[in-house]
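Worksheet: the structure to be examined is printed underneath.
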Amino acid sequence: MKTKNILLENFPKELENLKKIALNLWWSWNPRARELFKIIDPFLWEYVNHNPIALLNSLNDDDYKNLINNHEFMKEYHLVSALFKDYLNSSKIYTDENTYKIAYFCAEFGLHHSLPIYSGGLGFLAGDVLKESSDMNIPMVGIGFMYSNGYVKQVIGSDGWQHGENQPINKDEAPIERVLDKNGNHLIIQVPFIDPPIYTAVWKVNVGKIELYLLDTDIEQNSPWDRGISSHLYTPDMQQRLRQQIVLGIGGYAVLETLGIKYSILHLNEGHPAFALFERIRYFINQGLSKEEAIKKVKSTSIFTTHTPLAAATDVYSFENVGNYFKDYVKNIKMDLNEFFSFGINPDDPHGFNMTILAMNLSDNINAVSKKHKIVTENIWKNFLIKTDKKIDYVTNGVHIPTWINEDLYKMYDELIGNWLEIQDDANAFDIIDDIDDKKLWKMHKKYKKLMVDFINKKAQKKWESGADPLVVIAEGALLDNDILTVTFARRMTGYKRPDLILKDLDRLYSIIHNPRRPIQIIFSGKAHPADTPGKQIIQRIFKVCEDPKSRGRIAFVEDYNEEVAKYLIRGSDIWLNNPRLPLEASGTSGMKAEINGNVHLSSLDGWWPEGFNGKNGFTIGGEISDDEKDAQSIYENLERIANLYYDRDDLNYPKKWIQIKKEAIKSVTPNFSARRMMKDYLNKFYLKISSNLRRGK
1 MKTKNILLEN FPKELENLKK IALNLWWSWN PRARELFKII DPFLWEYVNH NPIALLNSLN
61 DDDYKNLINN HEFMKEYHLV SALFKDYLNS SKIYTDENTY KIAYFCAEFG LHHSLPIYSG
121 GLGFLAGDVL KESSDMNIPM VGIGFMYSNG YVKQVIGSDG WQHGENQPIN KDEAPIERVL
181 DKNGNHLIIQ VPFIDPPIYT AVWKVNVGKI ELYLLDTDIE QNSPWDRGIS SHLYTPDMQQ
241 RLRQQIVLGI GGYAVLETLG IKYSILHLNE GHPAFALFER IRYFINQGLS KEEAIKKVKS
301 TSIFTTHTPL AAATDVYSFE NVGNYFKDYV KNIKMDLNEF FSFGINPDDP HGFNMTILAM
361 NLSDNINAVS KKHKIVTENI WKNFLIKTDK KIDYVTNGVH IPTWINEDLY KMYDELIGNW
421 LEIQDDANAF DIIDDIDDKK LWKMHKKYKK LMVDFINKKA QKKWESGADP LVVIAEGALL
481 DNDILTVTFA RRMTGYKRPD LILKDLDRLY SIIHNPRRPI QIIFSGKAHP ADTPGKQIIQ
541 RIFKVCEDPK SRGRIAFVED YNEEVAKYLI RGSDIWLNNP RLPLEASGTS GMKAEINGNV
601 HLSSLDGWWP EGFNGKNGFT IGGEISDDEK DAQSIYENLE RIANLYYDRD DLNYPKKWIQ
661 IKKEAIKSVT PNFSARRMMK DYLNKFYLKI SSNLRRGK
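When the letters of the sequence shown are read in order and numbered with the UniProt record's numbering, they come out as residues 1 to 698.
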């Protein structure tokens, strides 16, 4: 199938590769490619928020002529073009022609802030899976949604209340392309077997060597209600959410079928796309298998990754609603509604159709996302697992190192290790971190801390320019100081993550942060789901403390947390705070991103941290059971201890003991919690095993 991006159609031939690079998110994790766009016009690059499509669309014919006549630019352009070509054509390293193709379905993908089709950790994880699969030559195709209004743009009012604004995607200035039909028109498909009909347009995102296809119901062929199916991520309207998941599962399968993309392994990231499993059953029945044989084959070739730490957090729909959509569909898979429903019934709560139960029922390969989460998951679904004789494995999440690491460390590894990206998951290779000069590492950290504070100050300045109350401007970070020990809490704002735990005893906290010799400042950032009123109330409480003159500008809330804000915070902060109520953090990845940049983790022993903490690379909060009062006191005690280490300087003003902790964080977390290690786990535990069984006819 052909694709196109309308606004880049009339493009100078001499710079054709520049267009190709802009339309492939490879540039977002390649430092040299990013720098190429920046040198075109550094100020414009900042103005368009690091979006190369918007940058190129802002140039006129004279600008392009100047670039073509600029010898230095063209020299770099040809080099980056060669690197891009070499990347796309590199031979398979981790897999061979016998590895079967994987279809990776997920409701959200966090790839870059120029494409806001994500809400948080699940999306970033899915984005990192695609990027690392590209780097490793794992044959994969992604399926997700094009959310025309994004997730939610967070605006904090003067009263501290979160207001949500639409974040409409300019589809012609995003790194996406229309998939075209044989007549050269935008490909529109009908979601099969659903009555009344629902139609979806198809978009493509190039993620290195991986193609991600996005479904978009916001088209004129649909009724207003149907157009809204792909309008917002995680709509609170349960009827509309069910329809979203039907379109993702059934429609996503139809997209691959229409495009002629063959795959043999289905990987579901959470339960949202689980209806794709029924489509696989239908396909195998049409290939001549009996219903029982089709179900068996679907189970043996499907992988389900669960991130949920609570049974109550799963999507459950009434049988009536599900039946309304599938009453005719079931004939295609030789079932009646009762048998169809049986795949989604939770034995502990049989009063609705559970999408997680559906995914586990039709997948023999199930994994949690950390070692601890495996135990939690087994406990949640104990009766189901006994009844079905199923086992749960685990693959601890990892992060795509080239995306999240700062540019200076990237270059430092080039100098110290050489071709370090190929051995990034080898812990022995990172022992060389000890050889980095302490002063050089400290200077690098101070650089990124200043960049972070400057970024926050500019955001606050824009708030001031828009006529905001001075207290709001201060609350949003106008008085932050890049010389002060900085603690950051940045993630989704919801009750179980206890965002305001550190504020439990304000008098104690103020005595710590206002210590004249060892001051501390605290940054909060994160969104509450639009329907999460308690989460919004937590944000309001935090914001009121930020506005309080007693905080003296030392506590700030950075508005509208996204991938761009995250990068500044994980690279510039000193301490990354994480204090969920145990055992409700399935894994978490923001702490990993922070530690690979030398930002030290202060966390409850939940999610990935029990595997990551080695006694020398960070700090722990509380014990094995959460207690708000005790955990808050633990945070304060840790902060006092950390402040002593941070401000313990030698004659040259370097905190030697603190830098050793930073080094240990970098070298212990980078290889062990990389997406490279994660994807090797998926290969060895699932992908290669399934491929081998398929080759043997099993």
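Positions of the beta carbon are idealized from the N, C-alpha and C atoms, including for glycine.
Given this structure, state the Cα-to-Cα distance separating residue i from residue j, to the nearest angstrom.
i: H514; j: I520; result: 7 Å
i: L683; j: K689; result: 8 Å
i: residue 706; j: F673; result: The question about residue 706 has no answer here: the residues shown for the chain are numbered 1 through 698.
i: Q244; j: A312; result: 20 Å
i: Y283; j: K291; result: 10 Å
i: A276; j: I143; result: 11 Å
i: E624; j: K382; result: 21 Å
i: H71; j: E14; result: 13 Å
i: N60; j: I39; result: 16 Å
i: D181; j: Y87; result: 28 Å
i: D328; j: G615; result: 58 Å
i: A107; j: L125; result: 12 Å
i: S58; j: S634; result: 52 Å
i: F340; j: D681; result: 33 Å
i: P671; j: T403; result: 14 Å
i: C546; j: E559; result: 12 Å
i: R641; j: E585; result: 25 Å
i: F493; j: T533; result: The residue you asked about is not Phe; residue 493 is Met in the sequence shown. Computed Cα separation, rounded: 10 Å.
Determine the closest residue to residue i out of the options, with distance taken between C-alpha atoms.
i: P530; options: T305, R541, K153; result: K153
i: Q660; options: G249, K374, M140, I433; result: I433
i: K458; options: K13, E46, R32, N614; result: E46
i: E76; options: P534, M412, E35, D483; result: E35
i: Q537; options: I555, I522, I512, D500; result: D500
i: L639; options: D650, K550, T488; result: T488
i: Q167; options: T533, Y329, S119, H50; result: S119
i: K667; options: A594, F686, Y687; result: A594
i: D365; options: E585, N269, N428, D438; result: Strictly speaking, residue 365 in this sequence is Asn, with Asp absent from that position. The shortest Cα separation from N365 among E585, N269, N428, D438 belongs to N269.
i: H113; options: G123, C106, F105, Y104; result: G123
i: Y64; options: F11, F343, I357; result: F11
i: L187; options: D237, D135, E257; result: E257
i: D606; options: N578, S590, Q239, D628; result: N578
i: N562; options: S133, Y94, G150, K131; result: G150
Report the three-state DSSP secondary structure of residue i (helix, strand or coil).
i: K299; result: helix
i: A174; result: coil
i: D425; result: coil
i: H529; result: coil
i: A274; result: coil
i: M140; result: strand
i: residue 701; result: The chain is shown from 1 up to 698; residue 701 falls before or after that span and cannot be answered.
i: L480; result: coil
i: I102; result: strand
i: T388; result: helix
i: D434; result: helix
i: N24; result: strand
i: D651; result: coil
i: I265; result: strand
i: H400; result: coil
i: V395; result: coil
i: W486; result: What sits at residue 486 in the sequence shown is Thr, not Trp. Strand at T486.
i: H445; result: helix
In terms of residue numbering, what span does the alpha helix (DSSP H) encompassing residue i cover?
i: E132; result: 121-135
i: S590; result: 590-596
i: N638; result: 628-646
i: D348; result: Per DSSP, D348 belongs to no alpha helix (DSSP H) and is neither H nor E.
i: H373; result: 371-380
i: V669; result: 656-672
Terminal residues of the continuous beta strand (DSSP E) containing residue i?
i: W203; result: 199-207
i: L215; result: 210-216
i: H307; result: Per DSSP, H307 belongs to no beta strand (DSSP E) and is neither H nor E.
i: W576; result: 575-578
i: F619; result: 618-621
i: E165; result: 162-165
i: K85; result: K85 -> not in any beta strand (DSSP E); alpha helix (DSSP H) instead, spanning 71-89.
*Spell out a yes or no on whether the stretch 588-606 and the stretch 615-634 are touching, meaning 3 or more CB-CB pairs, one atom from each, closer than 8 Å.*
Enough Cβ pairs lie closer than 8 Å, so yes.
*At a cut of 8 Å, does the stretch 383-403 reach the stretch 325-340 through at least three beta carbon pairs?*
Cβ pair count under 8 Å is below three, so no.
_Quick test of the definition: if touching needs 3 or more C-beta pairs under 8 Å, does the stretch 226-245 touch the stretch 203-218?_
In short, these stretches touch, since the Cβ pair count reaches three.
*Are the stretch 442-455 and the stretch 416-425 touching by the rule of at least three beta carbon pairs closer than 8 Å?*
As far as the Cβ criterion goes, the stretch 442-455 does not touch the stretch 416-425, which means the pair count is below three.
*Between the stretch 240-257 and the stretch 189-196, are three or more C-beta pairs nearer than 8 Å?*
Cβ pair count under 8 Å is three or more, so yes.
_Check whether the stretch 644-659 and the stretch 399-415 are in contact - that is, three or more C-beta pairs closer than 8 Å._
Taking a cut-off of 8 Å on C-beta distances, the stretch 644-659 does not touch the stretch 399-415, as fewer than three cross pairs fall below it.
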